[in-house]
Amino acid sequence: MRVLVVEDDQTLGVFLQKGLMLEGHDVDLVGDGDAALELAAQQTPDLMVLDLGLPRRDGTDVLGVMRQEFQGTAILVLTGRSAVQERVRCLDLGADDFVLKPFSFHELMARCRALLRRRERFADPVLRFGGVAMNRMERTVFYDGVRIDLTTKEFTLMEFLMLKRGSCCSRAELLTQAWHSTPETDTNIIDVYINYLRKKLSAVHPEEISVESAIETVRGSGYRLRDRRKIPRLEKPAEETSLADDALQPIELARGA
Ligand code: CA
Numbered sequence: 330m331r332v333l334v335v336e337d338d339q340t341l342g343v344f345l346q347k348g349l350m351l352e353g354h355d356v357d358l359v360g361d362g363d364a365a366l367e368l369a370a371q372q373t374p375d376l377m378v379l380d381l382g383l384p385r386r387d388g389t390d391v392l393g394v395m396r397q398e399f400q401g402t403a404i405l406v407l408t409g410r411s412a413v414q415e416r417v418r419c420l421d422l423g424a425d426d427f428v429l430k431p432f433s434f435h436e437l438m439a440r441c442r443a444l445l446r447r448r449e450r451f452a453d454p455v456l457r458f459g460g461v462a463m464n465r466m467e468r469t470v471f472y473d474g475v476r477i478d479l480t481t482k483e484f485t486l487m488e489f490l491m492l493k494r495g496s497c498c499s500r501a502e503l504l505t506q507a508w509h510s511t512p513e514t515d516t517n518i519i520d521v522y523i524n525y526l527r528k529k530l531s532a533v534h535p536e537e538i539s540v541e542s543a544i545e546t547v548r549g550s551g552y553r554l555r556d557r558r559k560i561p562r563l564e565k566p567a568e569e570t571s572l573a574d575d576a577l578q579p580i581e582l583a584r585g586a
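Take the position in the sequence shown, starting the count at 1, then add 329; the result is the number in the numbering used here.
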């Protein structure tokens with residue numbers, strides 16, 4: 330699972346990050362509210378562990394924006410503010426749970442596990458975009474109804490492209506997702522894996538000339554998924570294209586002719 334820790338106390342933040350990583354999660358750490366929303370928009374975390382007292386943008390403000398724009402992310406609030414009104418306000422704003430500082434590390438981890446389990450039970454495991462349906466629980470991928478087998482890395486890359494829903498993903502972002510590497514590392518490996526993905530996707534549509542039809546290169550930036558169904562089909566005769574959605578019409582046309 331993808332977890333975003335938002336904590337300006339660096340020592341505590343790193344401690345939480347390491348603890349959650351030991352539980353097998355991909356964990357990012359940011360120290361202010363603006364960075365939290367920026368990274369959440371890029372990664373759509375499964376869980377956000379959110380401190381309330383933050384520089385640049387207060388935690389309650391982050392919570393409000395998260396609940397409006399990223400309903401799928403579970404949010405656990407860390408707060409040193411013990412006033413009952415403050416806790417009520419957090420729950421009203423949409424926090425899923427909160428822990429009062431100072432807290433027991435084991436209790437915090439148990440609460441994180443509970444939130445992630447709950448999220449897993451209720452989340453729709455299927456991502457859909459541009460003719461691709463990806464089941465994240467069963468780890469299956471169908472492209473226009475045809476099953477395609479992906480390796481673990483290919484699946485992770487495809488999942489990230491799907492989560493971005495047609496927005497550009499930079500090579501550095503893809504590298505971080507699939508290899509947990511820093512952007513300084515050679516990013517050619519991304520191009521290699523994108524080509525593997527393209528070959529597997531284009532095998533479903535051998536009539537298409539370009540293997541780039543499903544994953545488009547954004548020059549100088551990265552890659553994005555393309556919704557093929559929105560691309561006009563120039564290869565078919567005009568009358569066939571306009572009638573493609575209605576199987577009955579060719580018969581009526583034939584009668585009329
Ligand atoms: Ca703080």
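Even glycine gets a Cβ: it sits at the ideal position worked out from N, Cα and C.
Bear in mind that the values here come from a model prediction, so they are computed numbers and not experimental data.
#1: Rank S433, R442, R396 by C-alpha distance to the C-alpha of L351 and give the top, closest one.
#2: Count the other CB atoms within 10 Å of the CB of T659; is the residue buried (16 or more) or exposed (fewer)?
#3: May I ask you to check if the CB of D355 is nearer than 6 Å to at least one heavy atom of ligand 1?
#4: Pull up the distance between the alpha-carbon of E569 and that of E536, whole angstroms please.
#5: Going by the C-beta, is D380 closer than 6 Å to any heavy atom of ligand 1?
#6: Is there at least one non-hydrogen atom of ligand 1 closer than 6 Å to the beta-carbon of D337?
#7: Would you report the Cα separation of L341 and L381, rounded to the nearest angstrom?
#8: Looking at the strands, I want to know which residues DSSP matches up with N306.
#9: Counting only beta-carbon atoms, is A462 nearer than 7 Å to chain B?
#10: Using the three-state DSSP reduction, which class does L381 fall into: helix, strand or coil?
#11: Taking only the alpha-carbon atoms, compute the straight-line gap between K565 and H534 and give it to the nearest angstrom.
#12: Ends of the beta strand (DSSP E) at A599?
#13: Return the CA-CA distance between V455 and A412, expressed in angstroms with no decimal places.
#14: Taking the alpha-carbon positions, what's the D361 to V475 distance?
#15: Report the rounded CA-to-CA distance for A576 versus D473, giving the unit in angstroms.
#16: Quick check on DSSP: helix, strand or coil for R396?
#17: Quick check: V356 and L366, are their CB atoms within less than 7 Å of each other?
#18: Taking L407 and V378 to be in contact with their CB atoms under 8 Å, please state how far apart those CB atoms are, rounded to whole angstroms.
#19: Going by the beta-carbon positions, is the gap between K430 and G409 smaller than 7 Å?
#20: What would DSSP say about G342, mapped onto helix, strand or coil?
Reading it off the structure:
#1: That would be R442, whose Cα lies nearest to the Cα of L351.
#2: A query on residue 659 cannot be resolved here, the shown segment of the chain reaching from 330 to 586 and no further.
#3: Flag unset: Cβ of D355 not near ligand 1.
#4: Because E569 sits at a pLDDT of 44, beneath the cut-off of 50, its placement in the model cannot be relied upon, and the point is left open.
#5: Yes, the beta carbon of D380 sits closer than 6 Å to at least one heavy atom of ligand 1.
#6: Correct: D337 has its Cβ closer than 6 Å to ligand 1.
#7: When rounded, the distance between both Cα atoms is 14 Å.
#8: Residue 306 falls outside the range modelled here, since the chain spans only 330 to 586, and no answer is possible.
#9: No chain B is present in this structure, which holds just one protein chain.
#10: Looking at L381 - three-state DSSP - the assignment turns out to be coil, as it is neither helix nor strand.
#11: Any reading at K565 must be qualified, since the residue scores a pLDDT of 48, below 50, and its modelled position is unreliable; no value is offered.
#12: In this structure the chain extends from 330 to 586, so residue 599 is not present and cannot be described.
#13: Going by the C-alpha atoms only, they are around 40 Å apart.
#14: Between the alpha carbons of D361 and V475 lies a gap of roughly 44 Å.
#15: Low local confidence applies: a pLDDT of 39 at A576 is under 50, so the model's placement there is unreliable, with the coordinate-based value given in what follows. Spanning the two alpha carbons is a distance of roughly 18 Å.
#16: Residue state, collapsed to three classes: helix.
#17: Not in contact: V356 and L366 (Cβ atoms no closer than 7 Å).
#18: The C-beta distance from L407 to V378 rounds to 6 Å, short enough to fall under 8 Å.
#19: Contact annotation: K430 and G409 have beta-carbon atoms nearer than 7 Å.
#20: G342 carries a helical assignment under DSSP once its states are collapsed to helix, strand and coil.
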